[in-house]
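>
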Amino acid sequence: MAFVKGVTEEVHRRTLMEIQSQVLASLTDHTTTQDVADMLCAKAEQLVPNSIATLLQVSIHGDLSILSGKCLPVGKASKLNALTLTPSEIEDLRNTPHHASALIWSLTQDHEQNTDLHTCWASAVCNASGDLIGIFVLFSRNKEKITDWPQKIVSGCVPSCASIIEHEKTRNKINQFHKVDSLTGLFNRTTLTSRLKQMATQEEHIPFAVLVLDIDLLQDVNNVMGYHCGDTLLQTTAHRIASYCRGQYIVARLGGDDFVVVLPDADRKKACKLAHELSCLTRKPIEVQGRDLVASLSIGISFYPTNGTEIEEVLGAAEIAMRQAKKQARGSFRFFGKSGNSNVRERLIIGSALRDALQKMQLFLVYQPQICALTGTLYGVEALSRWQHPTLGFIPPSSFIPIAEETGQIEAIGLWSLEKSCQQLIEWEQNNVYVPVVSVNMSAVHFCSIELPERISATLKKYNLKPHRLTIEVTESVAMRQDPETAANLTAIRNIGVGLSMDDFGTGFSSLSRLAQLPLTEIKIDRSFIEDFENNVSSLVVAEAAINIGKRLGIKVVTEGVEREDQVKKLQELGCDILQGYFYSKPLPPQDIPVWLNTFPARRACHHA
């Protein structure tokens, strides 16, 4: 045998026993699990010349991760770390461990990469209960399997592998116990504080928002139904928050009925949206002992470093704001000011006036043209809400939209915008003015309602409009949500034939795999990425990447905030489909659209001369 020339099987068996003894001794003398795993792999590589050993952990969900594999080529390591076994594959390995050889080889083969690895031997690693916990693999640089001895080496190392993986799991559990809340599995206050301090000391000095969430109903549940029911409510709420955030934000339990969500690189608008989206999570009843409980969240929001440069100060500010929100109206949220009351009077005045704004016809729509970058013709318009109050004067959207979201009035405003926009298309047509498409913004609240697709369909029928003439704009954060209601609404709206546009693309946490699954017809690049093309290479790269993503997915790309001719030319070069911004027109009242259309060709000729 070429691999074991001059060495008997008996010697190898003794060697394997010695390795197992060394592994057990090392695990009890405080040697790190990583070092022990590396030692095992090195010993196996010595026994099988021209081989590379690796020890893989397998999670309960079938995800593979490399515990040791120093000599693995980068490409092979990346493939292994990205693998997830199917339930049938897991079951097969539990019953027939040596099937791991063929499975690992088939899953990691890459004909495009020359790694000099030509075959492999592998075995599943199971614990005492028979659960699959790992896989031990030997890759060989030899082109032929001229002996089965390496497979025996692999199988002989399996008990040591099991000891190493079980030790690693125990160590992780101990570490986790000190880091997480035992009831919910979320970070505890100590871990939260540590993470926030790390964020605060980063050189980039990126600001972040802290949202403290309080379950309004918990104390009543504890008093009436018992603490075990309160625990169920806590656990379910924690699971919903964590599932929604999905690793994008830090989520922790402060204690009692309070949770914390940390939103990095956030402004008031983003924090406001997240607060509403988290509030929507509690609209679905939670079944506790046969009763359906609807537990609202009172939320306080503070910002680092605006509301403090010390972490406890920022957390305290959010807690104060939460208590004030709870006192004012359960299920609401509030931003913290210098005294905890900053801008409260102004917000109350605007919120009160907003309740009557629709009925008194103080709200109106303006329309900003969108232009085909290639042809220079009108693609459509975006409908934007405006408010003119008789005594308060013109109130900008940045002031009243967040309050409308906070008070729940955004739902009525959004549906009114939908109705008025469709009506306006017909009125233009009656005056021989053809606007191909109108885009209407919908908020997170709308996508919590299963009635939204039906409402859109009914509005189209009312005005006898073809579905393709309407596009619904949704923010990136809403589109990326993975709750069933949002996914069902997006699919149902697209099935009607209505367009779907993701607004502010690139400002949040888009997952490309998730993006590919969404039934989008458009993505809108945020204006921040085109403001300084010449001096900001990063923004240019992001814009170009977004445009290329759109092309690959067959999605039109709209860029908003276009104000200069150099931006137009660059976006045309990059292949952007639609351009929108003050370079072409400010948002116009409906009666000015026909005038603009009549003069636009002349202005366009002037710009391109």
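Per the working numbering, the sequence shown runs over residues 1309 to 1917. Glycine included, C-beta positions come from ideal geometry on N, C-alpha and C. These figures come from a predicted structure and were not determined experimentally.
Q1888 by DSSP, collapsed to three states: which one?
Correct three-state label for Q1888: strand.
> Return the residue from the list I1679, E1839, E1781, I1443 that minimises the CA-CA distance to S1893.
Among I1679, E1839, E1781, I1443, the Cα nearest to that of S1893 belongs to I1679.
> Once you ignore the five residues that flank G1534 on each side, which residues in its own chain have a CB closer than 7 Å to its CB?
Within the same chain, G1534 has no close Cβ partners at all.
> Quick check: the Cα distance between I1709 and F1644, rounded to an integer number of angstroms?
Taking the straight line joining both Cα atoms gives about 18 Å.
> For E1737 and N1772, I'd like the C-alpha separation in whole angstroms.
Approximately 12 Å, taken between the alpha carbons.
> Near F1813, what residues of its chain come up, given a Cβ to Cβ distance below 7 Å and the 5 sequence neighbours on each side ignored?
Same-chain partners within the cutoff: E1784, I1831, K1832, I1833, D1834, A1854.
> What do you reckon, are the CB atoms on L1363 and A1352 nearer than 7 Å?
Cβ distance not < 7 Å, so L1363 and A1352 don't count as in contact.
> Taking the alpha-carbon positions, what's the F1516 to L1525 distance?
If I take the Cα positions, the gap works out to 28 Å.
> Looking at D1522: is its Cβ nearer than 7 Å to the Cβ of D1566?
Against a cut-off of 7 Å, the Cβ pair of D1566 and D1522 comes out as a contact.
> Whole angstroms are fine: how far does the CA of S1693 sit from the CA of Q1597?
If you take the alpha carbons of Q1597 and S1693, they lie about 45 Å apart.
> Which one of T1683, G1722, S1706, A1712 has the shortest CA to CA distance from A1691?
The candidate whose alpha carbon is nearest that of A1691 is G1722.
> Measuring only the C-alpha atoms, how far is K1585 from K1578?
The question names Lys, yet the displayed sequence has Glu at residue 1585. Each residue's alpha carbon lies about 11 Å from the other.
> Can you give me the start and stop residues for the alpha helix (DSSP H) that M1507 sits inside?
M1507 -> alpha helix (DSSP H) spans 1497-1508.
> Per DSSP, what kind of secondary structure is S1535 in: helix, strand or coil?
Correcting the residue type first, residue 1535 is Tyr in the shown sequence and not Ser. Helix, per DSSP.
> Measuring alpha carbon to alpha carbon, tell me which residue in I1863, D1811, I1857 is nearest P1949.
Outside the modelled stretch of the chain, which goes from 1309 to 1917, sits residue 1949, for which no answer is possible.
> Between R1548 and the rest of its own chain, which residues show a CB-CB distance below 7 Å, the 5 nearest in sequence each way excluded?
Excluding positions up to five away in sequence, the list reads L1589.
> Is it the case that the stretch 1798-1813 contacts the stretch 1759-1779, given that we only count it when at least three CB pairs across the two stretches are under 8 Å?
Segments in contact, yes.
> Between V1520 and L1562, how many whole angstroms is the CB-CB distance? I'm expecting something under 8 Å.
About 7 Å; that satisfies the 8 Å criterion.
> Taking C-alpha atoms, which residue in L1778, L1823, Q1825 lies nearest to I1926?
Outside the displayed span of the chain (1309 to 1917) sits residue 1926, for which this structure offers no information.
> Determine, using beta carbons only, whether N1358 and N1450 come nearer to each other than 7 Å.
A contact, by the Cβ cut-off of 7 Å.
> Can you tell me whether H1369 is helix, strand or coil according to DSSP?
The answer is coil: DSSP assigns H1369 none of H, G, I, E or B.
> Three or more C-beta pairs under 8 Å: does that hold for the stretch 1886-1903 against the stretch 1859-1874?
Contact holds: three or more Cβ-Cβ distances are below 8 Å.
> Compute the distance between the beta-carbons of V1559 and L1494, then report whether it is under 7 Å.
Against a cut-off of 7 Å, the Cβ pair of L1494 and V1559 comes out as a contact.
> Is the separation between the beta-carbon of W1695 and that of L1673 shorter than 7 Å?
In this structure, L1673 does not lie closer than 7 Å to W1695 by Cβ.
> In angstroms, rounded to a whole number, what distance separates the CA positions of T1617 and T1509?
Each residue's alpha carbon lies about 10 Å from the other.
> For E1627, which residues of its own chain have a beta-carbon under 7 Å away from its beta-carbon, when the five flanking residues on both sides are left out?
Counting only Cβ-Cβ distances below 7 Å, and skipping sequence neighbours, we find V1520, G1608.
> Check the DSSP bridge columns for C1588 and list the partner residues they point to.
BP columns for C1588 are empty, so no partner.
> Taking C-beta to C-beta, are G1438 and I1473 nearer than 7 Å?
No, they are not a contact pair.
> Taking only the alpha-carbon atoms, compute the straight-line gap between L1355 and T1545 and give it to the nearest angstrom.
Each residue's Cα considered, the two are about 53 Å apart.
> Tell me whether N1649 sits in a helix, a strand or coil according to DSSP, three-state version.
Residue confidence for N1649 is low, a pLDDT of 46 falling below 50, so the modelled location carries little weight; the figure read from the coordinates is stated next. In this structure, N1649 counts as coil in the three-state DSSP scheme.
> Can you pull the DSSP bridge partners for C1680?
Answer is I1886, bridged to C1680.
> Nearest CA to the CA of L1605: which residue from V1366, T1392, M1630?
Of the listed residues, the one whose Cα sits closest to L1605 is M1630.
> Which two residues bound the contiguous alpha helix (DSSP H) that contains R1763?
Counting along the chain, the alpha helix (DSSP H) containing R1763 begins and ends at 1760-1770.
> Starting from E1595, follow the beta strand (DSSP E) in both directions and report where the run begins and ends.
Per DSSP, E1595 belongs to the beta strand (DSSP E) from 1594-1596.
> Could you spell out where the beta strand (DSSP E) holding Q1696 opens and where it closes?
Its beta strand (DSSP E) spans residues 1686-1697.
> Any contact between the stretch 1743-1757 and the stretch 1727-1734? By contact I mean 3 or more CB pairs, one from each, below 8 Å.
Flag = yes, the stretch 1743-1757 and the stretch 1727-1734 touch.
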